[in-house]
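Chemist:
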Ligand code: NAD
Ligand code: MG
């Protein structure tokens, strides 16, 4: 029996994880659930899954969470609150697997904590790889943590690299697939609304990542993520648009052979793979019917309309804290867009301005990562206020 702690249990990945776990109650125990501030939703999940610990990241909601649990006669569940408790939970000896499904750089501290405690990490929070980079990978190695990428592209690449020798890896290319998002065919993006942007054609996801998919920032973040996770330089990582989201990503080897991982677009598949690895659990996603599918297509990404993809390559090549600055600027700008304070095209402009104006050295520890992130957020808010 393994104890699972889900960071970001009320989100899209959190929900998919709980769904997978509900089929395996004899092997995995839902040990802890966390949410940012929605205590009623968290309490409902607690009523269904009976964890030992419920944690609300917004410490001001601690009493509200205790009350919501009491209303459901769940007084035996421990109430934890605040960022320090998130870090403590990720390192708790009873936790075997940490599912990192918080959105944004807020996921950094618990991810680092789980790595330093040598846990199995089911890592969905791509922003912590983008910002943590070499430091996170070093901590994973040093503490013999097991990092299983849940992001579908990286889960695919993980599977496609499984049989590669070290030599094969140094010559291979990664090919990340992208659906192209909701605006693949829309030429004028000046009056896009938040509702348009979150309506993803193939995946059902949280709001922030849905906007990132619409700008192609998501694919940019995934290029950076892939570079760190698999140790590939940016010039050996390609992106191709593949609107059917059947192929989740590929590896092209030196001999020209390409290994790809395919399946229905359903996050329960990479979650179950990461949970069961090195064995495969039974899956729940719809099986692919090739005859019904008919055809799959590919095209090049349109960098002129979606420049944020190229900003990610630029940040990776620039090094220093460029990826942290890009990620923070994007998070602040996406939030402003979702709250109708800026236009869709201003997201990319904000990222460009910040990359040109804030050049910081490479961080040498988590505290410096968090400081660079904080500074970039302050400066981005100043830029937007102008
Ligand atoms: P979501 O918005 O649906 O859920 C986010 C979760 O994080 C919620 O439980 C929320 O309470 C929590 N949270 C938000 N801000 C927080 C904070 N400041 N402190 C603590 N907790 C906080 O997001 P999602 O779509 O599930 O995505 C989660 C992560 O997984 C993201 O990093 C995303 O890029 C990645 N991811 C998601 C998908 C997907 O299909 N949804 C696919 C690949 C990768
Ligand atoms: Mg992805």
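Residue numbers (my numbering): 31 to 416.
Note that the Cβ used here is the ideal one computed from N, Cα and C, for glycine as well.
Just so you know, these numbers come straight off a predicted model, no measurement behind them.
Taking the alpha carbon of residue 416 as the reference point, which residue from 391, 389, 400, 376 has its own alpha carbon closest?
Modeler: With distances taken between Cα atoms, residue 416 lies closest to 376.
Chemist: What do you get for residue 189, buried or exposed, if any count of 16 or more other CB atoms within 10 angstroms of its CB means buried?
Modeler: Its Cβ being crowded by 16 or more others within 10 Å, residue 189 is buried.
Chemist: Per DSSP, what kind of secondary structure is residue 332 in: helix, strand or coil?
Modeler: In this structure, residue 332 counts as coil in the three-state DSSP scheme.
Chemist: Enumerated in chain order, which unbroken segments of the alpha helix (DSSP H) with a length of 4 residues or greater are wholly contained in the stretch 142-174?
Modeler: Runs found: 156-172.
Chemist: Going by DSSP in three states, residue 394 sits in which element: helix, strand or coil?
Modeler: In the structure shown, residue 394 sits in coil (DSSP, three-state: anything other than H, G, I, E or B).
Chemist: For a quick check, are the C-beta atoms of residue 247 and residue 338 less than 7 Å apart?
Modeler: Yes, the pair counts as a contact, with Cβ atoms nearer than the cut-off.
Chemist: Would you please state the rounded distance, in angstroms, between the beta carbons of residue 326 and residue 272? I believe it to be under 8 Å.
Modeler: Confirmed, about 7 Å.
Chemist: Are residue 362 and residue 394 touching if we call contact CB-CB under 7 Å?
Modeler: No; because the gap between Cβ atoms is not below 7 Å, this pair is not in contact.
Chemist: Give me the Cα-Cα distance between residue 296 and residue 102, rounded to the nearest whole angstrom.
Modeler: Distance between the alpha carbons of residue 296 and residue 102 is about 32 Å.
Chemist: Starting from residue 196, trace the beta strand (DSSP E) in both directions and tell me its first and last residue.
Modeler: Taken as a continuous stretch (DSSP letters only), residue 196 belongs to no beta strand (DSSP E), being part of the alpha helix (DSSP H) at 196-201.
Chemist: Taking the C-alpha atoms as reference points, what is the distance between residue 113 and residue 354?
Modeler: Taking the straight line from one Cα to the other gives about 20 Å.
Chemist: Just mark residue 20 as buried or exposed, buried being the case when its beta carbon has 16 or more other beta carbons within 10 Å.
Modeler: Given that the chain is displayed from residue 31 to residue 416, the structure contains no residue 20 and the question cannot be resolved.
Chemist: Would you call the stretch 33-50 and the stretch 58-78 in contact, with 3 or more CB pairs under 8 Å?
Modeler: Yes, since at least three Cβ pairs between the stretch 33-50 and the stretch 58-78 fall closer than 8 Å, the two stretches touch.
Chemist: Looking at the unbroken alpha helix (DSSP H) that takes in residue 97, where does it start and where does it end?
Modeler: Start and end: 92-101.
Chemist: Measuring alpha carbon to alpha carbon, tell me which of 118, 270, 193 ends up nearest residue 249.
Modeler: Looking at the Cα atoms, 270 is the closest of the given residues.
Chemist: Mark residue 31 as exposed unless 16 or more other C-beta atoms lie within 10 angstroms of its C-beta, in which case mark it buried.
Modeler: That one is exposed.
Chemist: For the ligand MG, is there any heavy atom lying closer than 6 Å to the beta carbon of residue 113?
Modeler: Checking every heavy atom of the ligand MG against the Cβ of residue 113, none is found closer than 6 Å.
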